[in-house]
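Visitor: Residue numbers (the numbering used here): 7 to 197. Once you've had a glance at the structure underneath, I'll fire off some questions.
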Amino acid sequence: MAIRDALLAILAQGPCYGNQLKHEYDRRTGGAWPLNVGQIYTTLDRLERDNLVSAAAPNDQGQRVYDLTEQGRTEAAQWFARPLDDAPARDELATKIALAVTLADVDAIDVIERQRLSTQHRLAALRARRATLEAGDELASQLIVEAQIGAVTAEALWLDLAEQRMRQSSPASGVIPLETEPPRRGRPPQH
């Protein structure tokens with residue numbers, strides 16, 4: 007999720023100063039992904055540069071209050087209307103396991119087992135958090151924890167699948183040695 011879009015969405019509710027935006031973001035996401043206040047102000051500077059927000063002169067406490075411009079209001083509405091691309095830019099775990107499989111001196115099964123243990127601990131912690139939230143906490147916090155549980159559960163299932171595939175193939179089947187021929191520079195020859 008782009009911080010930019012989240013800030014625009016919150017500002018659609020009314021003007022806020024930077025630290026207030028941080029508080030509102032943390033409150034609305036159950037503190038699941040806390041933001042650094044510096045991130046907030048850097049993003050606000052870019053939003054102001056792009057004419058998506060306007061900033062008033064500092065108030066008595068030295069706080070600059072930000073409000074959406076008409077263009078910013080449109081951007082916030084469009085963000086909610088637009089489905090998200092479900093493919094993350096880069097999945098670090100999948101990359102790590104894929105590299106482990108291709109390297110002769112790395113025990114990919116061991117990498118998976120260590121990751122699985124970490125995944126199980128995260129899942130247990132999230133389930134414990136869910137149990138405390140169900141006592142009447144905010145719906146937003148409950149939804150975020152459920153999404154995290156779903157993602158970590160999917161990770162555990164994927165680790166099981168990856169291990170199963172590795173155990174079914176020969177130990178060296180995924181190993182890729184370094185190429186001895188240096189890569190060519192420039193455009194590939196056209197045939």
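Note that CB positions come from ideal geometry on N, CA and C, so glycine has one too. Everything numeric in this text was worked out from a predicted model, so none of it was measured.
#1: What residue does the beta strand (DSSP E) around residue 178 start on, and which one ends it?
#2: Does DSSP put residue 145 in a helix, in a strand, or in coil?
#3: Whole beta strand (DSSP E) runs in the stretch 47-79 with 3 or more residues, listed along the chain?
#4: Can you tell me where the alpha helix (DSSP H) with residue 136 in it begins and where it stops?
#5: In this structure, what does DSSP give as the bridge partners for residue 31?
#6: Around the C-beta of residue 36, are 16 or more other C-beta atoms found within 10 angstroms, so that it is buried, or is it exposed?
#7: Between the Cα of residue 179 and those of 149, 144, 135 and 108, spot the shortest distance and give me the residue it belongs to.
#8: Quick check: the Cα distance between residue 83 and residue 30, rounded to an integer number of angstroms?
Guide: Taking the structure as given:
#1: Careful: residue 178 lies outside any beta strand (DSSP E) and carries neither H nor E.
#2: helix
#3: 59-61 and 71-74
#4: 114-139
#5: For residue 31, which the question treats as bridged, DSSP gives no partner whatsoever.
#6: buried
#7: 108
#8: 18 Å
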